[in-house]
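With my numbering as the guide, the letters of the sequence shown map in order to residues 96 to 232.
We treat Cβ as the ideally placed atom computed from N, Cα and C, and that holds for glycine.
Here the structure comes first, spelled out in structure tokens, and everything after it is commentary.
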Amino acid sequence: MSEQLPITIGTAEELICQLPGLTAAVNKLEAQFNFQTMTAGWYGDEDKILQTHLSLVSAGEFSVLQQQRQPGERFDFADDVLSYHNSDLHQILCIIALTSKELALFSQRRELVAAYLQAKIHKVLNLIATQEKLFPI
96 MSEQLPITIG
106 TAEELICQLP
116 GLTAAVNKLE
126 AQFNFQTMTA
136 GWYGDEDKIL
146 QTHLSLVSAG
156 EFSVLQQQRQ
166 PGERFDFADD
176 VLSYHNSDLH
186 QILCIIALTS
196 KELALFSQRR
206 ELVAAYLQAK
216 IHKVLNLIAT
226 QEKLFPI
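What follows is the structure, given as structure tokens:
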């Protein structure tokens with residue numbers, strides 16, 4: 096039985112269909128960010144490990160999800176990023192939209208997907224770090 100990593104990244108099926116290779120890029124980024132947050136000391140207290148799920152969605156799905164209520168305190172980090180922090184359960188759900196402009200760019204320049212997502216998720220994780228009083232990565 097394998098344990099779940101503290102940071103998981105989920106991708107909407109719609110995006111997987113639009114962007115071939117997205118799943119492989121996301122899997123690599125998930126491993127990279129789990130390592131970086133570990134070395135930054137995010138997991139010092141094993142009883143209070145922050146479980147963070149990042150969900151990549153389309154702009155349309157993001158609009159729908161913005162209207163729904165999730166457990167925890169809501170933080171609107173940007174027009175395309177919102178996050179719910181459930182302190183009691185040490186859980187974060189962060190919803191990240193890939194905008195229409197981003198998707199159009201990726202459809203023309205597929206080689207940009209991994210680097211762009213790396214930069215975007217890195218920024219989001221540092222926003223979470225600030226909110227949770229953790230060291231940035």
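Below 7 Å CB to CB, which residues in the same chain sit around residue i once its five sequence neighbours on both sides are set aside?
i	result
residue 226	170 and 180
residue 195	154
residue 96	With a pLDDT of only 42 at residue 96, under the threshold of 50, the placement of this residue in the model should not be trusted; the figure read from the coordinates follows. Cβ neighbours of residue 96 beyond the five flanking positions: none.
Take residue i and list the residues in its own chain whose beta-carbon comes closer than 6 Å to its own, dropping the five residues that flank it on each side.
i	result
residue 122	none
So residue i and residue j are supposed to be a Cβ contact under 8 Å. How far apart are they, rounded?
i	j	result
residue 232	residue 103	With 8 Å as the limit, residue 232 and residue 103 do not qualify as a contact, their Cβ atoms being about 16 Å apart.
residue 151	residue 193	6 Å
Whole angstroms is fine: what's the gap from residue i's alpha carbon to residue j's?
i	j	result
residue 141	residue 101	11 Å
residue 203	residue 174	24 Å
residue 220	residue 211	14 Å
For residue i, which residues of its own chain have a beta-carbon under 8 Å away from its beta-carbon, when the five flanking residues on both sides are left out?
i	result
residue 182	167 and 168
residue 216	104, 124, 128, 149 and 191
residue 135	224, 229, 230, 231 and 232
Suppose only complete runs of 3+ residues qualify. What are the beta strand (DSSP E) ranges in the stretch 138 to 201, listed by chain order? 146 to 153, 168 to 173, 176 to 181 and 186 to 193
Would you check if the stretch 206 to 221 and the stretch 158 to 166 touch, i.e. whether three or more CB-CB distances between them fall below 8 Å? no
For the stretch 96 to 133, list the beta strand (DSSP E) runs that are entirely contained and at least 3 residues long, ordered along the chain. 102 to 106
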